[in-house]
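Novice: Each residue of the sequence shown is one higher than the one before, starting from 0 at the first, in numbering that gives the first Met the number 0.
Ideal Cβ placement from N, Cα and C applies to all residues, glycine included.
Shown below is the structure under consideration.
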Amino acid sequence: MITPPLMEVPLLDCIQNKPDVEAPLRQLRRERLQDRGGDVYISPRAKASLRATEDFDLTTKVQEFLASDRKVFLLLGDSGAGKSTFNRALEINLWENYDKISGRIPLFIHLPAIEKPELELIAERLRRVNFTESQILELKLHREFILICDGYDESQQTRNLYMSNHFNQPGEWRAQMVISCRTEYNGVDYKHCFEPSDRNSSGKVELFQEAIISPFDKDQIQAYVEQYVSLKMTSWSSEGYQQAFKQIPNMQDLVKNPFLLKLALEVLPRLLSNDDKYSTARVTRIELYDEFVAQWIERGKKRLTEMELSSRDKLAFKQLSDSGLQQRGITYLKGLVTAIYDNQSGNPVVNYSEHQDRTTWKEAFFSERDGSHLLREMIPLTRNGDQYRFIHKSLLEYGLALAVFGPSKHNEDTEAMPSVSRRGSTSSIFSFESPSPTEWTATTDEQPLLDSPLGKRSLVGEPSILQFLTERVQQEAVFKVQLHSVIERSKSDKTVRIAAANAITILVRAGVQFIGADLRNIKIPRADLSFGMFDSAQLEGADLRKANLRNIWMRQANLRGAQMKGVQFGELPFLQEDDKVVCCMYSPDGKTYAAGLFNGNISLYETSNWDRIQTLKGHSCRVTSLSFSATGDRIASGSKDKTVRLWDVNTGECVHTLQGHSRAVNSVMYSPKGDRIASGSEDKT
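Here it is, written out as structure tokens:
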């Protein structure tokens, strides 16, 4: 495409001293179009919601949105579904047609790269592409924008950016917003983070729209493969790839995800030889990432070999090569990812200034000294000015999983993980003197895991990382053994409770069953045990505070003395009684639970840990009804033995026995003030 020549600033604008904005806009347009890249692109399809059955062309739907009065279009999708790729393609299309859309300015914004997106979203992005303050003000007052906001989840936002930036309010920026976010990042009530509320609207116009990217179908996969083969000149044909996808178990499900499809196309020719029987091959998501990263580092190593290096870099490269360049690259990647999670909570964009960051953790990874910059060139990291980030967020998550436990080919000879002091250091952590290797042998020694991110931070809320580690359990028997060892150690060492909660969460996700397991005194607060198998498990004294026990199987599990404050139940725990439970009731404050039994006894439980605190004995027949007083210190019970009894909850004593009914008492109830009791009987009184 021929870019139109720069036009002169209108004479009237010069006289009025108005800043020229058209020249920098044309420059921005030129740069963005030049940066489009040559990757394969297949237009995605999407649905209106997760439960919707019909899908539609996403590009058409977004174009309809841009032609409407709606203000926010939320684009949801799983990791690797193609949200960023679509956003970039949308920006290119809008810039190509910039002169045809009444001058609305498309602005692609990678949200993690913006320091305060909740306050100065547009202005900060414009500053980064060299607009002056006067030009920014001119654009704010006189132009409209189409904002393409990428990576809401990566920026770890909780604010409604449309509302916090006051878009489309008097005197504020005028804009429509397309914003993308991972599906799993959102809770049930996620829409309040995105829905606009325009006080200038009559209320009749719907301002919000959303779509969820659908997995690739067979036609999209085939079209992608054909484009890829044509562009990349691969050793495999399109037919060869399609045959592998059909014959390798579960492969067709994997490649419905566009990013996994891209990885598969790159690594399958190396992962599988022509002699392999596809039907017996097993390829998982984590194996695709293992091979992709290994190939990337290998290509980086080859590129460095072919480069004309300075004498200092030649020496550094030789020292790195002598100590194992491939493994140095892996170690660098794990160290960088761990530091990103430790120091900026996983925000994928690292801003590095050689002058400002000399004493921070960033110096060890991004300085030009000691050869670390050579290692940086070997990993899948991109740079834009002073900003660094992995080419895809999932590679950052994979890196943290790798830092917990890698494949056997890594663990056999990987150096100990480098560490960075909390206060930072001006020296490189990548000393060229080879350290003694960590012993990763088939052992129950759990210390390597405790020293890894598994022992330092909760991974329970990181579904992508957990998926990688779940597949690693199924791949590496040693990892499974060591996770069990971490849980066992938590029985006597409360300092490993974070690691233990992570460990049991991973094992449950991997399908490991704990039926009849001795889990007494384990400490796993905040663990996710949902859908786990814990029938007949011994959980006496276990620390289960704030654990997720939804849809868990716990028949005949022993929970005596377990700490269960804040536990999330889809179903209450199974409490074993001596006889049939006829009736039950909670105290007004919810701290006590009473169960009336067929044998006439009443069991009282403390709901914080489900310990039985009292057994009230006195009725000669089954208990038919229970009622707590307003203060919760008394309980009334009715029985088939024709009596009503009043009990002291604290002492377990029967303080009154009320007689008078000639037949069974069916119901009892305290008055709201607690000074009266009503009873109903089969004798009709």
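1) What's the gap between the Cα of ARG29 and the Cα of LEU543?
2) Can the beta-carbon of VAL61 be found less than 9 Å from the beta-carbon of GLU194?
3) Go ahead and label ALA122 buried or exposed: buried means 16 or more other beta carbons lie within 10 angstroms of its beta carbon, across all protein chains shown.
4) Among the candidates PRO111, ALA338, VAL349, ASP19, whose CA atom is the shortest distance from the CA of GLU137?
5) Confirm, please, whether the CB-CB distance from ASP385 to TYR351 is below 9 Å.
6) Tell me, please, which residues DSSP counts as bridged to GLU376.
7) Would you call the stretch 47-61 and the stretch 107-125 touching, i.e. three or more CB-CB distances under 8 Å?
8) Ordered along the chain, which non-local residues of its own chain (more than five positions away) have a Cβ less than 6 Å from that of ASP640?
9) How long is the line joining the alpha carbons of SER213 and PRO248, rounded to whole angstroms?
10) Drop a sphere of 10 angstroms on the beta-carbon of MET232, count the other beta-carbons inside from all chains shown, and report buried for 16 or more, exposed for fewer.
11) Is it right to say ALA476 is buried, meaning 16 or more other beta carbons lie within 10 angstroms of its own, or is it exposed?
12) Do the CB positions of GLU205 and ARG69 come within less than 9 Å of each other?
13) Does PRO18 come out as helix, strand or coil in the three-state DSSP assignment?
14) Can ALA500 and SER457 be called in contact, C-beta distance under 9 Å?
15) When you compare the stretch 367-380 with the stretch 454-474, are there three or more beta-carbon pairs, one atom per stretch, that lie closer than 8 Å?
16) Could you pull out every residue in the same chain whose Cβ sits closer than 6 Å to the Cβ of SER626, ignoring the five residues on either side in sequence?
17) Under 8 Å: do the stretch 483-491 and the stretch 517-532 share three or more Cβ pairs, one atom per stretch?
18) Do SER179 and GLY36 come within 9 Å of each other at the CB atom, strictly closer than that value?
19) Are there 16 or more other CB atoms within 10 angstroms of the CB of MET306, so buried, or fewer, so exposed?
20) Please tell me whether PHE207 and ILE147 are closer than 9 Å, where the distance is taken between their beta carbons.
21) Under three-state DSSP, which class holds ALA441?
22) Using 10 angstroms around the beta-carbon of ILE390, count the other beta-carbons present and answer buried if the total reaches 16, otherwise exposed.
23) Would you kindly check if the distance between the Cβ of ALA80 and the Cβ of GLU209 is under 9 Å?
24) Would GLN474 and ASP444 be called neighbours here (beta carbons separated by less than 9 Å)?
25) Could you tell me if ARG269 is buried or exposed, where buried requires 16 or more neighbouring beta carbons within 10 angstroms of its beta carbon?
26) Rounded to whole angstroms, what's the CA-CA distance from VAL177 to ILE91? Just pull it up for me.
27) Count the other CB atoms, across all protein chains shown, that sit within 10 Å of the CB of GLY659; report buried if there are 16 or more and exposed otherwise.
28) From which residue to which residue does the alpha helix (DSSP H) around LYS300 run?
29) Measure the C-alpha to C-alpha separation of LEU380 and ALA516 and round it to an integer number of angstroms.
30) Indicate the three-state DSSP secondary structure (helix, strand or coil) for PRO105 in the structure shown.
31) Under 6 Å Cβ to Cβ from THR684, same chain only, skipping five residues before and after it: list those, please.
32) Below 8 Å on the Cβ atoms is my guess for ILE464 versus ALA400; work out the distance and round it to an integer in Å.
Specialist: If we stick to the structure as given:
1) If you number the sequence shown from 1, residue 29 lands on position 30. If you number the sequence shown from 1, residue 543 lands on position 544. Computed Cα separation, rounded: 57 Å.
2) Position 62 of the sequence shown, counted from the first residue, corresponds to residue 61. Position 195 of the sequence shown, counted from the first residue, corresponds to residue 194. Not a contact, by the Cβ cut-off of 9 Å.
3) As a first step, residue 122 is located in the sequence shown; it is residue number 123 there, counting from the start. With 16 or more Cβ atoms within 10 Å of its Cβ, ALA122 is classed as buried.
4) In the sequence shown, the residue the question calls residue 137 occupies position 138. Considering only alpha carbons, the answer is ASP19.
5) If you number the sequence shown from 1, residue 351 lands on position 352. If you number the sequence shown from 1, residue 385 lands on position 386. Going by C-beta atoms, TYR351 is nearer than 9 Å to ASP385.
6) Translated into positions along the sequence shown, residue 376 becomes position 377. Paired residue(s): none; GLU376 is not in a bridge.
7) Between the stretch 47-61 and the stretch 107-125 there are fewer than three C-beta pairs closer than 8 Å, too few to call the two in contact.
8) Counting from one through the sequence shown, the residue named residue 640 turns up at place 641. If we look at ASP640 and ignore the five residues flanking it on each side, its Cβ neighbours are HIS618, SER619, CYS620.
9) The residue labelled residue 213 in the question sits at position 214 within the sequence shown. The residue labelled residue 248 in the question sits at position 249 within the sequence shown. Rounded to whole angstroms, SER213 to PRO248 spans 22 Å at the Cα level.
10) Along the sequence shown, read from residue 1 onward, the residue named residue 232 stands at position 233. MET232 should be labelled exposed.
11) Your numbering for residue 476 matches position 477 in the sequence shown. ALA476 sits exposed, since fewer than 16 C-beta atoms from the chains shown fall within 10 Å of its C-beta.
12) Position 206 of the sequence shown holds residue 205. Position 70 of the sequence shown holds residue 69. Note that the C-beta distance between GLU205 and ARG69 is below 9 Å.
13) Working through the sequence shown from its first residue, we reach residue 18 at position 19. In the structure shown, PRO18 sits in coil (DSSP, three-state: anything other than H, G, I, E or B).
14) Against the sequence shown, residue 500 aligns to sequence position 501. Against the sequence shown, residue 457 aligns to sequence position 458. Yes.
15) Segments in contact, no.
16) The sequence position of residue 626 within the sequence shown is 627, counting from 1. The answer, listed in chain order, is ALA635, VAL667, MET668, TYR669.
17) The stretch 483-491 is in contact with the stretch 517-532.
18) Here residue 36 is taken as the residue at index 37 of the sequence shown, counted from 1. Here residue 179 is taken as the residue at index 180 of the sequence shown, counted from 1. For GLY36 and SER179, no; Cβs fall outside 9 Å.
19) As a first step, residue 306 is located in the sequence shown; it is residue number 307 there, counting from the start. Flag for MET306 reads exposed.
20) Walking along the sequence shown from the start, residue 207 turns up at place 208. Walking along the sequence shown from the start, residue 147 turns up at place 148. Not a contact, by the Cβ cut-off of 9 Å.
21) Taking the sequence shown and counting its residues from 1, one reaches residue 441 at position 442. For ALA441, the predicted model reports a pLDDT of 43, less than 50, meaning its position is unreliable and no value from the coordinates is stated.
22) The residue labelled residue 390 in the question sits at position 391 within the sequence shown. Exposed: under 16 other Cβ atoms inside 10 Å.
23) Counted from its first residue, the sequence shown places residue 209 at position 210. Counted from its first residue, the sequence shown places residue 80 at position 81. For the 9 Å CB-CB criterion, GLU209 and ALA80 do not form a contact.
24) Position 475 of the sequence shown, counted from the first residue, corresponds to residue 474. Position 445 of the sequence shown, counted from the first residue, corresponds to residue 444. It is not a contact, given that the beta carbons lie outside the stated cut-off.
25) Taking the sequence shown and counting its residues from 1, one reaches residue 269 at position 270. ARG269 should be labelled exposed.
26) Numbered from its first residue, the sequence shown carries residue 177 at position 178. Numbered from its first residue, the sequence shown carries residue 91 at position 92. Cα-Cα distance, rounded: 14 Å.
27) In the sequence shown, the residue the question calls residue 659 occupies position 660. Exposed: under 16 other Cβ atoms inside 10 Å.
28) As a first step, residue 300 must be located in the sequence shown, where it is residue number 301. Note, LYS300: alpha helix (DSSP H), 284-305.
29) By 1-based counting over the sequence shown, the position of residue 380 is 381. By 1-based counting over the sequence shown, the position of residue 516 is 517. Taking the straight line from one Cα to the other gives about 44 Å.
30) The residue you call residue 105 lines up with position 106 of the sequence shown. PRO105 falls in the strand class under three-state DSSP.
31) Taking the sequence shown and counting its residues from 1, the one referred to as residue 684 is at position 685. Nothing listed; no residue qualifies.
32) Here the question's residue 464 lines up with position 465 in the sequence shown. Here the question's residue 400 lines up with position 401 in the sequence shown. Yes, ILE464 and ALA400 are in contact; Cβ-Cβ is about 5 Å, under 8 Å.
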